[in-house]
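Peer 1: From first to last, the protein sequence lines stand for chains W and Z.
Just so we're aligned: 45 in my numbering is position 60 of the first sequence, and the numbers increase by one with no gaps anywhere.
Start counting at 1 in the second sequence, then tack on 18, and there's your number in my numbering.
Each residue gets a CB set at the ideal place from its N, CA and C atoms; glycine is no exception.
Submitted below is the structure of interest, expressed as structure tokens.
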Amino acid sequence: KNQVEQSPQSLIILEGKNCTLQCNYTVSPFSNLRWYKQDTGRGPVSLTIMTFSENTKSNGRYTATLDADTKQSSLHITASQLSDSASYICVVSRNTNAGKSTFGDGTTLTVKP
Amino acid sequence: DAGVIQSPRHEVTEMGQEVTLRCKPISGHDYLFWYRQTMMRGLELLIYFNNNVPIDDSGMPEDRFSAKMPNASFSTLKIQPSEPRDSAVYFCASSLRALQEQYFGPGTRLTVT
């Protein structure tokens, strides 16, 4: 069964600290993996998109890694800011039925001053 | 570009009434997606279109739900008759190609009493 599991479910950190969110998937055949940030009351916004051949991609203070062999991805946030408080969603797409992706349940990050 | 536009932003209706949600995708995008988000089930794909043609509607919960895309710049999601369990945030998203980044609209928060 195609699944995407994220951990932790929620996380609280102090402003300025770093954190890492995890995403494990069983989706096959793999096409790409995307990380989205969703602020409360808004639609998800794409942070990174990685294909099979990419193992690291950065977007400002956000760095995503992908290990296609172990089917794991992580999102690392450096020097967190209050505005990083949001839900982070991992999404994996297959090569078949390309429009139908599998969504993780998300990690809720709270950054406190 | 104004991004994906959805209307209304909020909808409160009584059980049994018809509800129509509207979406204008980003100009030039070939793919349009309708999602539903609840606390219990997270983000779920309801249906997606490619060049105005429905490709996969397996996520549509039941016959009470229908979606149309009469042209490249407009899509509707209709619920008739609505039920309290349909209460959720409904997102529309569009992408240039199937496996590329999806741009989400602000969502429509539907409450059925």
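Can you list the residues of chain W that Z/Ala106 reaches, using a CB-CB cut of under 7 angstroms?
Peer 2: Those do not exist, as Z/Ala106 stays about 13 angstroms from chain W at its closest Cβ, beyond 7 angstroms.
Peer 1: Does the beta-carbon of Z/Arg59 have 16 or more other beta-carbons within 10 angstroms, so that it is buried, or is it exposed?
Peer 2: When all chains shown are included, Z/Arg59 counts as exposed.
Peer 1: Rank W/Asn17, W/Tyr47 and W/Tyr73 by C-alpha distance to the C-alpha of W/Ala53 and give the top, closest one.
Peer 2: Selected option, being the one with the closest Cα: W/Asn17.
Peer 1: Quick one: does W/Lys85 have its CB under 8 angstroms from some CB of chain Z?
Peer 2: Cβ-Cβ to chain Z under 8 angstroms: yes for W/Lys85.
Peer 1: Nearest chain W C-beta to Z/Asp74 closer than 8 angstroms, yes or no?
Peer 2: Yes, Z/Asp74 counts as interfacial toward chain W.
Peer 1: Report the three-state DSSP secondary structure of Z/Arg115 (helix, strand or coil).
Peer 2: Correct three-state label for Z/Arg115: coil.
Peer 1: Relative to the alpha-carbon of Z/His28, which residue among Z/Leu39, Z/Gln35 and Z/Gly34 has its alpha-carbon at the smallest distance?
Peer 2: Nearest of Z/Leu39, Z/Gln35 and Z/Gly34 to Z/His28, Cα basis: Z/Leu39.
Peer 1: Against chain Z, with Cβ distances strictly below 8 angstroms, would W/Pro(-7) count as a contact?
Peer 2: Judged by the 8 angstroms Cβ criterion, W/Pro(-7) is not in contact with chain Z.
Peer 1: Residues in the stretch 102 to 128 of chain Z with C-beta within 8 angstroms of chain W's C-beta atoms, listed in sequence order?
Peer 2: Flagged, chain order: Phe109, Ala111, Ala116, Leu117, Gln118, Glu119, Gln120, Tyr121, Phe122, Gly123, Pro124 and Gly125.
Peer 1: Taking 8 angstroms as the CB-CB cut-off, is W/Gly1 touching chain Z?
Peer 2: By this cut-off, W/Gly1 is not an interface position.
Peer 1: Enumerate in chain order the residues of its own chain whose CB-to-CB distance from Z/Arg127 is below 6 angstroms, with the five nearest sequence positions on each side excluded.
Peer 2: Closer than 6 angstroms at the Cβ level, and outside the excluded window around Z/Arg127, lie His28 and Val107.
Peer 1: Let me check understanding here. Comparing Cα to Cα, which of W/Pro(-7), W/Ser43 and W/Ile(-3) lies closest to W/Thr95?
Peer 2: It is W/Ile(-3).
Peer 1: Here's a check: name, in chain order, each residue in its chain whose Cβ is nearer than 7 angstroms to the Cβ of W/Ser70, leaving out the five neighbours to either side.
Peer 2: Leu94, Thr95 and Val96, listed in sequence order.
Peer 1: Please check if any C-beta of chain Z sits within less than 8 angstroms of the C-beta of W/Phe88.
Peer 2: Yes, W/Phe88 counts as interfacial toward chain Z.
Peer 1: Taking its Cβ as the centre, do 16 or more other Cβ atoms sit within 10 Å of Z/Val30, making it buried, or is it exposed?
Peer 2: Counting Cβ neighbours within 10 Å, Z/Val30 comes out exposed, since fewer than 16 surround it.
Peer 1: Would you list, in chain order, the members of the stretch 0 to 31 of chain W that have their beta-carbon closer than 9 angstroms to a beta-carbon of chain Z?
Peer 2: Listed by position, the residues of the stretch 0 to 31 of chain W near chain Z (Cβ gap below 9 angstroms) are Ser16, Asn17, Arg19, Tyr21, Gln23, Gly26, Arg27, Gly28, Pro29, Val30 and Ser31.
Peer 1: Below 8 angstroms CB to CB, which residues in the same chain sit around Z/Met33 once its five sequence neighbours on both sides are set aside?
Peer 2: Closer than 8 angstroms at the Cβ level, and outside the excluded window around Z/Met33, lie Pro99, Ser100, Glu101, Pro102, Val130 and Thr131.
Peer 1: Please identify the residue among W/His61, W/Asn(-13), W/Ser38 and W/Thr11 whose C-alpha is closest to the C-alpha of W/Trp20.
Peer 2: The option with the nearest alpha carbon to W/Trp20 is W/His61.
Peer 1: Considering only C-alpha positions, which residue in the set Z/Asp74, Z/Lys86, Z/Glu36 and Z/Glu62 is nearest to Z/Lys42?
Peer 2: Of the candidates Z/Asp74, Z/Lys86, Z/Glu36 and Z/Glu62, the one whose C-alpha sits nearest the C-alpha of Z/Lys42 is Z/Lys86.
Peer 1: Measuring CB to CB, does W/Ser65 end up less than 8 angstroms from W/Glu(-10)?
Peer 2: It is not a contact, given that the beta carbons lie outside the stated cut-off.
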